[in-house]
Amino acid sequence: MEATSDMLPLIVALPFLGALLPGIVIRAGRDTCTWFTLFPTALALLMLLLHAPGVMAGEVYHWRLDWLPGLGLDANFFLDGLGLLFAGLILGIGLLIILYARFYLSKNDPMGQFFTYLLLFQGAMVGIVLSDNILLLLIFWELTSLSSFLLIGYWNHLPEGRQGARMALAVTGMGGLAMIGGMLILGEIAGSYDISVILQHKDAIQASDWYLPALLLILLGCFTKSAQFPFHFWLPHAMAAPTPVSAYLHSATMVKAGLFLMARLWPVLSGTPEWFYIVATTGLITMVIAAVIALFKDDLKGLLAFSTVSHLGLITMLLGFGTEAAALVAVFHIINHASFKAALFMTAGIVDHEAHTRDIKRLGGLRHLMPVTFVIATITALSMAGIPPLNGFISKEMMLKETTYAAWAGNPWLVPALATFGALFSVAYSFRYIWHVFMGPVRDDYPARPHDPGFGMWAGPALLAAIVVGIGVAPFVVEPFVNVVAGAVTGAPQDTHLKLWHGVNAALFMSIAAILGGALLLASHRALEAGWLRAGPPAAKAIFDAIVGAATRAARGLTDGLHDGSLTRFSAIFVVTVTLAGAIAWSTGEIGAPSRATLPIAIVPLIATVLLVGATLCLVAFHRNRLLALVLIGVVGLTVAVGFAYFSAPDLAMTQLSVEVVTIILLLLALNFLPRETPRESSGARRLRDGVLAVAGGGAVAALAYAMMTRDFALPSISSYHLANSYKGGGGTNVVNVILVDFRGFDTYGEIIVLGIAALVIFALTQTVLRGAGGRFLESQGRPGGEAGDRHPLMMVVATRVMMPMALMVGVYIFLRGHNEPGGGFIAGLIVAIALLMQYMASGFAWAEARQRVPYHSTIALGVLIATATGIGAWFNGVPFLTSAHDYFTVPGIAELHLSTAVAFDVGVFLTVLGAVMLALWSLSRMARRTGEPVNVEPMDVNPAADAASSREG
Amino acid sequence: MIDHALTFAFACFGLALLFNLYRIVVAPGVVDRVLALDTLVINSIALLGLYGILEGTAVYFEASMLIAMTGFVSTVSYARFMLRGDVIE
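Protein chains in written order, with full-length UniProt numbering: chain A, 1 to 954; chain B, 1 to 89.
(1) Restricting to Cα atoms, I'd like to know which of A:T901, A:L865, A:G863, A:A861 is closest to A:V879.
(2) In this structure, does DSSP put A:A474 in helix, strand or coil?
(3) Measure from the C-beta of B:F19 to each C-beta in chain A and report whether the shortest distance is under 7 Å.
(4) Quick check: the stretch 17 to 24 of chain B against the stretch 934 to 945 of chain A, are at least 3 beta-carbon pairs closer than 8 Å?
(5) With B:V41 as the anchor, note down where its alpha helix (DSSP H) starts and where it stops.
(6) For the stretch 1 to 27 of chain B, which residues have a CB atom closer than 7 Å to at least one CB atom of chain A, in sequence order?
(7) Can you tell me where the beta strand (DSSP E) holding A:V60 begins and where it ends?
(8) Could you name the residues that DSSP lists as bridge partners for A:A3?
(9) Thinking A:L693 and A:A572 are a contact (beta carbons under 8 Å), I'd like their distance in whole angstroms, please.
(10) Short of 8 Å in beta carbon distance, which residues of its chain neighbour A:H857, apart from the five on each side in sequence? Order them along the chain.
(11) Are the CB atoms of A:L43 and A:L14 within a distance shorter than 7 Å?
(12) Taking Cβ to Cβ, would you say residue 956 of chain A is nearer than 7 Å to A:L71?
(13) Quick check: is the beta carbon of B:A63 nearer than 7 Å to any beta carbon in chain A?
(14) Report the three-state DSSP secondary structure of A:D712 (helix, strand or coil).
(15) Under three-state DSSP, which class holds A:L21?
(16) Would you check if there are 3 or more beta carbon pairs closer than 8 Å linking the stretch 790 to 804 of chain A to the stretch 29 to 49 of chain B?
(17) Are residue 959 of chain A and A:E397 closer than 7 Å when you measure CB to CB?
(18) From the DSSP secondary-structure annotation, give me the bridge partner or partners of A:F77.
(19) My understanding is that A:L632 touches A:A615, with C-beta atoms under 8 Å, so please give their C-beta distance in whole angstroms.
(20) Identify, in the order they occur along the chain, each residue of the same chain with its Cβ nearer than 8 Å to the Cβ of A:V548, setting aside the five sequence neighbours on each side.
(21) Excluding the five sequence neighbours on either side, which residues of its own chain have a C-beta within less than 6 Å of the C-beta of A:S720, listed in chain order?
(22) For A:W408, name the three-state secondary structure that DSSP assigns.
(23) Starting from B:H4, trace the alpha helix (DSSP H) both ways and give me its first and last residue.
(24) Between A:S923 and chain B, is the shortest Cβ-Cβ distance under 7 Å, so that the two count as touching?
(25) Where does A:D299 fall in DSSP's three states?
(26) Of all the CB atoms in chain A, is at least one closer than 7 Å to the CB of B:L54?
(27) By how many angstroms is the C-alpha of A:A263 removed from the C-alpha of A:L215?
(28) If I follow the unbroken alpha helix (DSSP H) through A:R166, where does it start and stop?
(29) I'd like the list of long-range same chain contacts for A:R432, defined as Cβ closer than 7 Å, with 5 residues on each side in sequence excluded.
(30) Mind checking if A:N672 is an interface residue toward chain B, Cβ cutoff 7 Å exclusive?
(31) Quick check: the stretch 379 to 390 of chain A against the stretch 329 to 349 of chain A, are there 3 or more CB pairs under 8 Å?
(32) Compute the Euclidean distance between the alpha carbons of A:S270 and A:I93, then round it to the nearest angstrom.
(33) Given a limit of 8 Å on CB to CB distance, which residues of the stretch 65 to 84 of chain B reach chain A?
(34) With DSSP as the reference, identify every bridge partner of A:N734, one or two as the case may be.
(35) Can the beta-carbon of A:W458 be found less than 7 Å from the beta-carbon of A:V372?
(36) Is the shortest distance between the beta-carbon of A:M918 and the beta-carbons of chain B less than 7 Å?
Printed below as a string of structure tokens:
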């Protein structure tokens, strides 16, 4: 049965929306903050539970929204039994964890931050389990990796926390990356990225050649997330997190995401030999190895971490068997494990919180001091050991029974034997948790005097312990639910009867053997531990660090080899690569015969060419003399600008001219701090090599340009489109400007933002330099020699004052007509900037700065904001961002005015360019300002008007 | 007649550009180089103006006006750089 529910996206969104609150309301106190965290969780849980009756009746709820249909990425959600189970676990245990964390976190911990991370994580997890689109699922999957990174590293003052967080992110992130590949393959095979569609294509997927690669990649993601061997090592290191995080992420939810995905895709991926041998074997190995390691962990949370890994392995193995009965047991054990393991983690946290240590060797005898905690821990640990009448016993019995049906490579004994072996260790470490922590004599050397915590802290684990007993005594209560969930996993209705007593069968004997053996193991723990330490099991962290270190070194070697900060090195690599690529393209491609006649060579263009080439050659020859080099660059720039004008590109010519002036001022400001001559740094052979490369690269570009210009385009160019639509669509006859502000307005928009950022970076860098060692160095330098003349000559001041209004008017003129004739905001901005710079040069930095009312930062911001507002304005017109509208207006007395919204956009460009240029030059000229230098109040050195006035007064 | 005059003028200014470049590269002092660059700028204005006359259009006038208005700013900056070291003080 299918139904639509509008609540599904809300259930996912609520934790994310709620995540905005704790960070803010923490100012109102820790209790308020907790309430504001509990509220979205509880509301989401309530909405989820409203669906429960329907799901139990076999309904599947859907909600769909096309997000990026072109990519197959849609915000589709669905809720069936499996989703209900996991979402219920995430939200339900989430509630208990939030309550527990309220009392666990100390006053010094930033609680708002913690709850924000926790809710982010919660939302991501709920997103995973309710997604009906595998791409959407991948997004949530990555979000859980990121938010768990934040949670594990929450105590970022602890190096273990930071390292554990990094390791978890590296391992699960790598798995996530692999999974993206696997999911894409899966989606390609099925022809849809919707999970509900993929689940219908079992035969097509298993018959595909891509089945095995997809399976391996997806399993890599699942195994890393669920800490399966050999990726199990990150989980114990993640225990550096605060205990609520360990209890939530590393027992109940995140580590089960891998299991969830295996269960979700079980109908299409399972049932093949590949699935059985990969999944069941990995699960079995993980289960046994982790159980053995867990017994020898002295850290309470370390013990629980490895026991979690072991139980995850158990569930993985059950899913790997590929039978419906085993899948049902897996589902049942997920429920049971979540209940007892979350409670155990919380009791471990309580012990740590009260006794100030988690080291089992330093604990013991706590049953007298912490009776409540003792009862909870005992019940849940016995359940973990599989002791009747607790829920762990039922699922463990069923698991052992399933193993007897699994033949590994024809051997019917191997799997049951190993499973019993694992169960034996599981019993041993569970007993150890009770025996070595709570039993024995009371000690007097605890780091702190332990006692039971307040009700708020033990309420959560107590509730879970009650569930553990409840399910164990009356399994029929959860029976319908387990059957529905198992039905959702297997895709076929299930009707299994859960009961405590299965009669005398093989599983019972295996169980008894495990319990007796486990008790024996614990009794001989001391001797075994000595042997374990002698054997010296490999330390996963060292191996991981070695691998990461090797990868870092390799990456650094490659990067430094290509790009060591030397300009010559990477330009050489760049030129060689591009030239070779061009040569290959040229030799393998085809090109027609020259079809366009060359123009006759006139005398003036010839002279200009000689000028250009001559100046460039001289530049190469004399580049060590920096000032001469700048003058020669000026010649090149001017010639190019005149060339633009000659070849009918007046816009470019004007831009080039104004940029030229700004560049020269900029470089002169910089040259002031540099030596007059560039020292000779490279050897002759090296210069020869660089010369050859430069000539080859330049020659290749020139040859290519010649080849292109002597032929017609093979395909019709887009110029004709621009010419035809410039006036019609953009409302302007200057095609260049219309392209800038309309056709390619989005590019321009991005560019002005980049320009503004660049100017702000220049500002920030010079500020930093001036404050640091560089500033002190400049101060100690004093003025460079060669001073002569006046600081602010009268003639220059007067000339620039006269020029100012004219230059501004030219700027306005160029701006206004820019849409129809050469000009526009960019050129106008440069012209006005030059007009302002003249005032700075004439009357000095301090004088001009004192008269500057609007900071250049604001000018940049204003420009970008105006451009943005213009772009957004198009939305109100019902058209996409930056679509321009235009009309004609008659202004009496002036002329008919043609106004386009693109003009407003151009104002934004104008302001940004003006602000960026001025801020950059202002920042650089500020570097020359040193303390102790007299600041001029008067605009010029000699002021005849002021002198005359003072003499009259005198 | 105007064509001949234009051709003559183009030749003269073209030649002047080459002389300017020569003076920029081979000069007794920095001042000569900067003055030569300034002259080069002025000669380009003239060339653009002449070209406008030849083509009978006013489009080039603007470019030459812009050069005239901003070109001297570079010369002033060079002068300030040589005299004071600091362009904006």
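Ideal placement from N, C-alpha and C gives every residue a C-beta, glycine not left out.
A quick look at the data gives this:
(1) On the first sequence, position 879 is the one that residue 879 of chain A refers to. Taking each of A:T901, A:L865, A:G863, A:A861 in turn and checking the Cα distance to A:V879, the smallest one comes out for A:T901.
(2) For the purposes of this step, residue 474 of chain A is taken as the residue at position 474 of the first sequence. Correct three-state label for A:A474: coil.
(3) As a first step, residue 19 of chain B must be located in the second sequence, where it is residue number 19. By this cut-off, B:F19 is not an interface position.
(4) no
(5) Numbered from 1 along the second sequence, position 41 holds the residue referred to as residue 41 of chain B. Per DSSP, B:V41 belongs to the alpha helix (DSSP H) from 30 to 55.
(6) F10, A11, G14, L17, L18, L21, I24, V25
(7) Reading the first sequence from its first residue, position 60 is the one you call residue 60 of chain A. Start and end: 60 to 63.
(8) Here residue 3 of chain A is taken as the residue at index 3 of the first sequence, counted from 1. DSSP lists A:Y61 as partners of A:A3.
(9) Mapped onto the first sequence, residue 693 of chain A falls at position 693. Mapped onto the first sequence, residue 572 of chain A falls at position 572. About 5 Å separates the two Cβ atoms, so the contact holds.
(10) What you label residue 857 of chain A is simply residue 857 of the first sequence in a count that begins at 1. Excluding its 5 nearest sequence neighbours in each direction, A:H857 has C-beta neighbours in its own chain below 8 Å: L760, F763, G915, L919, listed in chain order.
(11) For the purposes of this step, residue 14 of chain A is taken as the residue at position 14 of the first sequence. For the purposes of this step, residue 43 of chain A is taken as the residue at position 43 of the first sequence. Less than 7 Å separates the beta-carbon of A:L14 from that of A:L43.
(12) Since the first residue of chain A shown is 1 and the last is 954, residue 956 of chain A is not available in this structure.
(13) Taking the second sequence and counting its residues from 1, one reaches residue 63 of chain B at position 63. It does; some Cβ of chain A falls within 7 Å.
(14) Here residue 712 of chain A corresponds to residue number 712 of the first sequence, with the count starting at 1. If DSSP states are grouped into helix, strand and coil, A:D712 belongs with coil.
(15) Position 21 of the first sequence holds residue 21 of chain A. In this structure, A:L21 counts as coil in the three-state DSSP scheme.
(16) No, because fewer than three Cβ pairs between the stretch 790 to 804 of chain A and the stretch 29 to 49 of chain B fall closer than 8 Å, the two stretches do not touch.
(17) Outside the modelled stretch of chain A, which goes from 1 to 954, sits residue 959 of chain A, for which no answer is possible.
(18) By 1-based counting over the first sequence, the position of residue 77 of chain A is 77. BP columns for A:F77 point to A:W63, A:S131.
(19) In the first sequence, residue 632 of chain A corresponds to position 632, counting from 1. In the first sequence, residue 615 of chain A corresponds to position 615, counting from 1. Confirmed, about 5 Å.
(20) The sequence position of residue 548 of chain A within the first sequence is 548, counting from 1. Within the same chain, A:V548 has close Cβ partners A170.
(21) As a working note, residue 720 of chain A is residue 720 in the first sequence. For A:S720, where only same-chain residues beyond five positions count, there are no Cβ hits under 6 Å.
(22) The residue labelled residue 408 of chain A in the question sits at position 408 within the first sequence. The answer is strand: DSSP assigns A:W408 an E or B state.
(23) Within the second sequence, the letter at position 4 stands for residue 4 of chain B. Its alpha helix (DSSP H) spans residues 2 to 25.
(24) The residue labelled residue 923 of chain A in the question sits at position 923 within the first sequence. So no, A:S923 is outside the interface.
(25) As a first step, residue 299 of chain A must be located in the first sequence, where it is residue number 299. Three-state DSSP puts A:D299 in a strand.
(26) The sequence position of residue 54 of chain B within the second sequence is 54, counting from 1. Not an interface residue.
(27) Here the question's residue 215 of chain A lines up with position 215 in the first sequence. Here the question's residue 263 of chain A lines up with position 263 in the first sequence. Going from the Cα of A:L215 to the Cα of A:A263 covers about 13 Å.
(28) Residue 166 of chain A sits at position 166 when you count from the first residue of the first sequence. Start and end: 159 to 190.
(29) Residue mapping note: residue 432 of chain A aligns to position 432 of the first sequence, counting from 1. Only L295, L522, H525 meet the Cβ criterion.
(30) On the first sequence, position 672 is the one that residue 672 of chain A refers to. Closer than 7 Å: yes.
(31) yes
(32) To locate residue 270 of chain A, count along the first sequence from 1; it is residue 270. To locate residue 93 of chain A, count along the first sequence from 1; it is residue 93. Taking the straight line joining both Cα atoms gives about 29 Å.
(33) M65, L66, I67, M69, T70, G71, V73, S74, V76, S77, Y78, R80, F81, M82, L83, R84
(34) Locating residue 734 of chain A in the first sequence gives position 734, where the first residue counts as 1. DSSP, once it has assigned bridges, lists no residue as partnering A:N734.
(35) Locating residue 458 of chain A in the first sequence gives position 458, counting from the first residue. Locating residue 372 of chain A in the first sequence gives position 372, counting from the first residue. Against a cut-off of 7 Å, the Cβ pair of A:V372 and A:W458 comes out as a contact.
(36) Position 918 of the first sequence holds residue 918 of chain A. So, not an interface residue.
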